[in-house]
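Following: one structure in structure tokens, then a few remarks.
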């Protein structure tokens, strides 16, 4: 998995962050506390998992660095639709793979339609129909 390191004090609401080296999360709230007499400033981060929708809250030193995952956004063509699974072909590499069909756009997924998807930690998630 590819990622870049960014200082905690540079993170903003809406950014993505890698939690515990395995969960890709979108930051919903970040609060920085003032440094104490003998300590460093702390950051309290609330984030929601992009793949599992679980809320995670953790505290880090504001001087630490966080891993920011590099999420690839690509286009693909729908080859077939079976129940909750969709078979797609990437438009650049022509790789064929299968992924889950999101419930909110499931009725728009038909053979030959182009979609945009994100590749997050090897898991491909359909984002929208073109």
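Residue numbers (the working numbering): 365 to 494.
We put the beta carbon where it would ideally sit given N, CA and C, even for glycine.
Beta carbon of residue i nearer than 8 angstroms to that of residue j
i, j, result
"residue 430", "residue 381", "yes"
"residue 465", "residue 455", "no"
"residue 390", "residue 378", "yes"
"residue 437", "residue 482", "yes"
"residue 395", "residue 408", "yes"
"residue 494", "residue 463", "no"
Beta-carbon separation (whole angstroms), residue i vs residue j, contact threshold 8 angstroms
i, j, result
"residue 477", "residue 432", "No, residue 477 and residue 432 are not in contact; Cβ-Cβ is about 31 angstroms, not under 8 angstroms."
"residue 445", "residue 491", "No, residue 445 and residue 491 are not in contact; Cβ-Cβ is about 17 angstroms, not under 8 angstroms."
Start-to-end residues for the beta strand (DSSP E) that takes in residue i
i, result
"residue 413", "406-413"
"residue 416", "No beta strand (DSSP E) contains residue 416, which DSSP labels as neither H nor E."
"residue 390", "387-396"
"residue 490", "487-493"
"residue 452", "449-454"
"residue 464", "460-464"
"residue 383", "380-383"
Residues sharing a beta bridge with residue i, DSSP
i, result
"residue 367", "433"
"residue 483", "436, 488"
"residue 316", "Residue coverage of the chain in this structure runs from 365 to 494, which leaves residue 316 outside it and unanswerable."
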